[in-house]
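Notes follow once the structure below has been shown.
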Amino acid sequence: MFLPETGIHHRRWQRRQQQPQGLTEGHLVYATDHEPEREYRLVGSGVRVMAHGLDLAGPLSELRGQIERLADRVARAAVTARANSAR
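If you want it as structure tokens, here you go:
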């Protein structure tokens, strides 16, 4: 089927509608004394938000370690998301 107002064939339009648009995952980083990581799903959007708490009360070396682990995790999630979107 051809949609004259858009110049797009129907099947291609359907595929575009099924592909996620924009952000599908986000990360919220905040200061806390010690709270486990939590996941939130934004209803109806398909977006997942991971909340990460950083303990600022400890030594700087521990804070750096927390930040490095968090950065590694976010980087791995980005690589996985790219691989999944290429399929």
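Going by full-length UniProt numbering, the first residue of the sequence shown is number 1, and it counts up by one from there.
Where a beta carbon is used, it is the ideal one built from N, C-alpha and C, also for glycine.
Quick caveat: nothing in here was measured; it's all calculated off a predicted structure.
Ordered along the chain, which non-local residues of its own chain (more than five positions away) have a Cβ less than 7 Å from that of residue i?
{"i": "residue 57", "result": "33"}
{"i": "residue 84", "result": "none"}
Which residue's Cα is closest to the Cα of residue i: the options?
{"i": "residue 47", "options": "70, 71 and 28", "result": "28"}
{"i": "residue 31", "options": "49, 53 and 25", "result": "53"}
Quick check: what's the CA-CA separation for residue i versus residue j?
{"i": "residue 43", "j": "residue 78", "result": "22 Å"}
{"i": "residue 35", "j": "residue 86", "result": "35 Å"}
{"i": "residue 71", "j": "residue 65", "result": "10 Å"}
Can you give me the Cβ contacts of residue i inside the same chain, cut-off strictly under 8 Å, excluding the 5 residues immediately before and after it?
{"i": "residue 81", "result": "24 and 25"}
{"i": "residue 62", "result": "55"}
Would you please state the rounded distance, in angstroms, between the beta carbons of residue i and residue j? I believe it to be under 8 Å.
{"i": "residue 37", "j": "residue 51", "result": "7 Å"}
Which residues in the same chain have their Cβ closer than 6 Å to the Cβ of residue i, if we skip the five residues on either side of it in sequence?
{"i": "residue 74", "result": "27"}
{"i": "residue 40", "result": "49"}
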